[in-house]
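If you read the sequence shown in the working numbering, its first letter stands for residue 1306, the second for the next number, and so on.
Even for Gly, the Cβ is constructed at its ideal location relative to N, Cα and C.
Quick notes on the structure that follows.
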Amino acid sequence: MRKSVLACLLLIVILSGCAVSVPNGYRPGWNYYNQGQTEKAVQYFQSRDTGCTQCLCKIYSDIGQYEKAAKSCEDALRTWQPVQRTAYGDINALLEDGLYFEGKAVWVVRLSDAYEHTGQFGRAIEVMKQWVTADNPNDENGFVRLSKLYIKNKQYDEAITAAKRAIELKSDNVAAYHHLGIAYGEKKQYDEAMKALKKAIEINPKMSEPYGWLGRFLMEKNAYNEAIEAYKKAVELQPADIDYLISLANIYRVMGRYDDAIASVNKAITLQTFTGIGINSSIEGGYTVVKGVMEAGPAKKADILAGDKIIKIDGKSTKGWTDEKVTQNLRGAAGTQVVLTIERKGAEKTIDKTVTRETIIAKEAALSFGLRSLAYRHKGSLEAALTDAEKAYSLDSANDVAQLSLGAAYLDRGKYDESIKLLAQVKDSPRARLYEATAYAKQGKMKEAVNIYFSIPEEEMSPKNIPLMNDRMALLQTFKPIVKEHRDKARTFESKGQYKEALSELSEALKIADDTELQDIQETLFSMIRRNPLLSEVPEDARKYALRSEVLVKEGNFEQAVTEIKKAIQIAPYATQLYYNSALWNAELKKYPEAIRNMKIYLKAAPDAPDARDAKDGIIKWEFMMEKEKTF
């Protein structure tokens, strides 16, 4: 059916010179629209009664006025009637955004799109649910769009169900596999995510997005080498995609490959640098209207204002020009001039403004400069790090990485108060907390430093993250006097036979000990336990977390169970059974390195335990599973 319809359309093109015939009553409106006279087109269609809601729905959607589009699309669907194949609009029904839709689906999609762009994901979802359940339950692309909306609304289980239904209807639907992979990945079900994304790549190896998501989820799994390969492929397919370049640079940085990180960031900065006059604009009524002016940019210096309508560029009328043509004429070599003729509200006549083009760096480059600053810092190039951090902050003072990099640069220069002020603004960042704690420690405020360090979730401190581990070790060096104090107190308590108090002091020391001291403290602690086995019982304050983890295991929620038992271990690192349980539950999550680490601690603490043989066998099995595991 699709081929026959398209063949008919092609025949119409050959015979009449146009793909669709426009009802005569609508032709003037569409002529206005095609000439770039959007306002006149809207006024024309607003003055008519029949079918114009569909026209307005399309126009408002095309020019990005989504609130108005939503209202018009609602009206269009309410009054929708089937149209002739040759009537205007049905060509879009057949070829909308590379997907195949029948008539009414155009307005359904436009309405859901309008809701989506105005942040009304729930309403967008309801529109598509109605379409695929009541109107067209066999529309695979409707289910694809529904899965995408569910992902945006963080309803990942529903997204998975919708994507799977799309795949049932069309087994090689690449977008469905793509969305399925994203939804699984957001749920941390990485094996299923990888499988779906690789299937999408198999169907369409020229599509960059699955490689990008694959890279992200591999990085979350700390599979850095495989993540690099995925992002490199994404960059190969889309070399101008800045997000891929930044993600690749970040992985290189985490791995300690700082020169590679800098090289990747440099490519991103090049793409974010251009020559122009520093305005944001849109086409309205056939002309370019200034929407925003960059602070300290060339247009600002020439007194160009938001709302100005550019009717000529270097004497040439801009009527009907596309955004691309406008941009092409505004850009040029730095130092050259361009004359803009503008209409300004309140001005009696047009105004000519001469603007000198400059090299401009996009505001979004704050992330790039901040990331490069951190890479320079890790290399020991502190002056370059400061220069880039200041540049990042000047571009966007609200950017987290700009704040982080400048906070780190101030830390290196002993500007501790300034550093703390900046770093405190960066939320959900273990690195920011490490720098903040270090700044407090350098000021001698150890209580604040230790409390901030304790606030960092253990799972955020990946041992594979080389610069993060280096920053952590630098902080722990400042804690050495506190560690010594705890150990001295523990010896005093032990000499008096106050073993519980001694264990408490050693537990506190263990939390802030560096790697060189940790093994020694553990041995002291476990030696005391072996001499007094009853001391290994889980205390009440840790017991509640241990019991929570057991309940979660019975429910099959191993991820949360591991989180709870980590809390118990932090309180009672001498309770040997906690390590054994933690090992088993990490193994269920296929986190074999963590499982092995915990089981080795258990064997160190209780080498003669009745289940020691089982513990050793578990380690052997998990090491074998790690050998077999290939994530990419």
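**OP:** Pick helix, strand or coil for Gly1581, following the three-state DSSP scheme.
**Re:** Counting from one through the sequence shown, the residue named residue 1581 turns up at place 276. Of the three classes helix, strand and coil, the one that applies to Gly1581 here is strand, per DSSP.
**OP:** Answer with buried or exposed for Glu1845, where buried requires no fewer than 16 other C-beta atoms within 10 angstroms of its C-beta.
**Re:** Counting from one through the sequence shown, the residue named residue 1845 turns up at place 540. With fewer than 16 Cβ atoms within 10 Å of its Cβ, Glu1845 is classed as exposed.
**OP:** Going by CA-CA distance only, name the one from Lys1617, Tyr1897, Gly1561 that's closest to Lys1277.
**Re:** Lying before the first or after the last residue shown, residue 1277 is absent from the chain, which here runs from 1306 to 1937.
Subject >> Contacts around Ala1639, its chain only, beta-carbon distance under 7 Å, and the 5 residues preceding and following it disregarded >> reply: Taking the first residue of the sequence shown as position 1, residue 1639 is located at position 334. The residues are Thr1580, Arg1662, Glu1663, Thr1664.
Original post:
For Val1437, which residues from the same chain have a beta carbon less than 7 Å from its beta carbon, with the 5 sequence-adjacent residues on both sides left out?
Top reply: Numbered from 1 along the sequence shown, position 132 holds the residue referred to as residue 1437. For Val1437, where only same-chain residues beyond five positions count, the Cβ hits under 7 Å are Asp1444, Gly1447, Phe1448, Leu1451.
Subject >> Contact set for His1483: own chain, Cβ-Cβ below 8 Å, skip 5 residues either direction >> reply: One-based indexing of the sequence shown puts residue 1483 at position 178. Counting only Cβ-Cβ distances below 8 Å, and skipping sequence neighbours, we find Ala1501, Leu1502, Ala1505, Met1512, Glu1514, Pro1515, Trp1518.
Original post:
Secondary structure at Gln1642, three-state DSSP: helix, strand or coil?
Top reply: Position 337 of the sequence shown, counted from the start, is the residue given in the question as residue 1642. Strand at Gln1642.
Original post:
If you follow the beta strand (DSSP E) that Asp1657 is part of, which residue opens it and which one closes it?
Top reply: What you label residue 1657 is simply residue 352 of the sequence shown in a count that begins at 1. Looking at the DSSP string, the run of the beta strand (DSSP E) that includes Asp1657 is 1656-1661.
Original post:
Which one of Lys1905, Tyr1455, Ala1910, Glu1932 has the shortest CA to CA distance from Asp1922?
Top reply: Indexing the sequence shown from 1 puts residue 1922 at position 617. Taking only the C-alpha atoms, the option nearest Asp1922 is Lys1905.
Subject >> At least three beta-carbon pairs within less than 8 Å, the stretch 1770-1790 to the stretch 1538-1557 >> reply: Counting Cβ pairs under 8 Å, fewer than three are found: no touch.
Subject >> Burial state of Gly1520 (16 or more Cβ within 10 Å) >> reply: Mapped onto the sequence shown, residue 1520 falls at position 215. With 16 or more other Cβ atoms from the protein chains shown falling within 10 Å of its own Cβ, Gly1520 counts as buried.
Subject >> Rounded straight-line distance, which links the Cα of Ala1568 to that of Phe1674 >> reply: The sequence position of residue 1674 within the sequence shown is 369, counting from 1. The sequence position of residue 1568 within the sequence shown is 263, counting from 1. If I take the Cα positions, the gap works out to 12 Å.
**OP:** Give the DSSP-derived three-state secondary structure of Gly1597 in the structure shown.
**Re:** Along the sequence shown, one-based indexing puts residue 1597 at 292. In the structure shown, Gly1597 sits in a strand (DSSP, three-state: E or B).
**OP:** Kindly indicate which three-state DSSP category Lys1732 falls into: helix, strand or coil?
**Re:** Your numbering for residue 1732 matches position 427 in the sequence shown. Lys1732 sits in coil when the DSSP states are folded into three classes, being neither helix nor strand.
**OP:** For Tyr1592, name the three-state secondary structure that DSSP assigns.
**Re:** In the sequence shown, the residue the question calls residue 1592 occupies position 287. Here Tyr1592 sits in strand by DSSP.
Original post:
Alpha carbon to alpha carbon, what distance is there between Glu1344 and Asp1395?
Top reply: Start at 1 with the first residue of the sequence shown, and residue 1395 comes out as number 90. Start at 1 with the first residue of the sequence shown, and residue 1344 comes out as number 39. Its pLDDT being 41, under 50, Asp1395 is placed unreliably by the model, and nothing is read from it.
Original post:
Can you tell me the Cα-Cα spacing of Trp1412 and Ser1377, whole angstroms?
Top reply: For this step, residue 1412 is matched to residue 107 along the sequence shown. For this step, residue 1377 is matched to residue 72 along the sequence shown. Their Cα atoms are separated by approximately 10 Å.
**OP:** Report buried or exposed for Ala1744, applying the criterion of at least 16 other Cβ atoms within 10 angstroms of its Cβ.
**Re:** Within the sequence shown, numbered from 1, the residue matching residue 1744 stands at position 439. With 16 or more other CB atoms across the displayed protein chains lying within 10 angstroms of its CB, Ala1744 is buried.
**OP:** Could you please give the first and the last residue of the uninterrupted alpha helix (DSSP H) stretch that includes Lys1849?
**Re:** Along the sequence shown, read from residue 1 onward, the residue named residue 1849 stands at position 544. Counting along the chain, the alpha helix (DSSP H) containing Lys1849 begins and ends at 1845-1859.
Subject >> 7 Å Cβ shell around Tyr1592 - same chain, five flanking residues per side excluded >> reply: What you label residue 1592 is simply residue 287 of the sequence shown in a count that begins at 1. Spatial neighbours of Tyr1592 in its own chain (CB-CB distance under 7 Å, excluding positions within 5 residues in sequence) are listed in chain order as Lys1614, Ile1615, Ile1616, Thr1623, Lys1624.
**OP:** Work out the CA separation of Lys1526 and Ala1488 for me, nearest whole Å.
**Re:** Numbered from its first residue, the sequence shown carries residue 1488 at position 183. Numbered from its first residue, the sequence shown carries residue 1526 at position 221. Taking the straight line joining both Cα atoms gives about 16 Å.
**OP:** Determine the extent of the beta strand (DSSP E) in which Ile1615 is found, giving its start and end residues.
**Re:** Mapped onto the sequence shown, residue 1615 falls at position 310. Start and end: 1614-1618.
Original post:
Where are the beta strand (DSSP E) runs, 3 residues long or more, that stay fully inside the stretch 1654-1718, in chain order?
Top reply: Within the stretch 1654-1718, the complete beta strand (DSSP E) runs of at least 3 residues are 1656-1661, 1663-1666.
Subject >> Beta-carbon proximity of Ile1547 to Leu1576, cut-off 8 Å >> reply: Within the sequence shown, residue 1547 is the residue found at index 242, counting from 1. Within the sequence shown, residue 1576 is the residue found at index 271, counting from 1. Taking a C-beta distance under 8 Å as the contact criterion, Ile1547 and Leu1576 qualify as a contact pair.
Subject >> Assumed close pair Gly1427, Asn1458 - CB separation to whole angstroms, cut-off 8 Å >> reply: In the sequence shown, residue 1427 corresponds to position 122, counting from 1. In the sequence shown, residue 1458 corresponds to position 153, counting from 1. Right, their Cβ atoms sit about 7 Å apart.
Original post:
Hey, Ala1707 and Leu1691: beta-carbon distance below 8 Å or not?
Top reply: Position 402 of the sequence shown holds residue 1707. Position 386 of the sequence shown holds residue 1691. Taking 8 Å as the Cβ cut-off, Ala1707 and Leu1691 do not qualify as a contacting pair.
**OP:** Pull up the DSSP beta-bridge partners for Ile1647, would you.
**Re:** Looking up residue 1647 in the sequence shown gives position 342. DSSP output for Ile1647 lists Ile1615, Ile1656 as bridge partner(s).
Original post:
Could you give the distance in angstroms between the alpha-carbon of Val1327 and the alpha-carbon of Asn1336?
Top reply: Counting from one through the sequence shown, the residue named residue 1327 turns up at place 22. Counting from one through the sequence shown, the residue named residue 1336 turns up at place 31. Only weak support exists for where Val1327 lies, its pLDDT of 45 falling under 50; the value from the coordinates is given anyway. So the alpha carbons of these two residues sit roughly 10 Å apart.
Original post:
Taking the alpha helix (DSSP H) that Asn1339 falls in, what are its first and last residues?
Top reply: The sequence position of residue 1339 within the sequence shown is 34, counting from 1. 1332-1339 is the span of the alpha helix (DSSP H), which, as asked, contains Asn1339.
**OP:** Would you mind working out which of Ala1877, Leu1672, Ala1346, Gly1369 sits nearest Ala1573, comparing C-alpha positions?
**Re:** The residue labelled residue 1573 in the question sits at position 268 within the sequence shown. The shortest C-alpha separation from Ala1573 is found at Leu1672.
**OP:** Spell out a yes or no on whether the stretch 1650-1660 and the stretch 1589-1609 are touching, meaning 3 or more CB-CB pairs, one atom from each, closer than 8 Å.
**Re:** Result yes; three or more Cβ-Cβ pairs closer than 8 Å.
Original post:
Between Arg1649 and the ligand GTP, is the CB less than 7 Å from at least one heavy atom?
Top reply: This structure lacks the ligand GTP; in fact it carries no ligand of any kind.
**OP:** Determine the direct distance from the alpha carbon of Gln1730 to that of Ser1812, and round the result to whole angstroms.
**Re:** Position 507 of the sequence shown, counted from the start, is the residue given in the question as residue 1812. Position 425 of the sequence shown, counted from the start, is the residue given in the question as residue 1730. Straight-line Cα distance between these residues: approximately 31 Å.
Subject >> Exposure label - Pro1603; buried when at least 16 CB within 10 Å >> reply: To locate residue 1603, count along the sequence shown from 1; it is residue 298. Its Cβ being crowded by 16 or more others within 10 Å, Pro1603 is buried.
Original post:
Around the C-beta of Val1856, are 16 or more other C-beta atoms found within 10 angstroms, so that it is buried, or is it exposed?
Top reply: Along the sequence shown, read from residue 1 onward, the residue named residue 1856 stands at position 551. The residue is exposed, with fewer than 16 neighbouring Cβ atoms inside 10 Å.
**OP:** For the alpha helix (DSSP H) containing Ser1417, list its first residue and its last residue.
**Re:** The sequence position of residue 1417 within the sequence shown is 112, counting from 1. Here the alpha helix (DSSP H) through Ser1417 covers 1410-1422.
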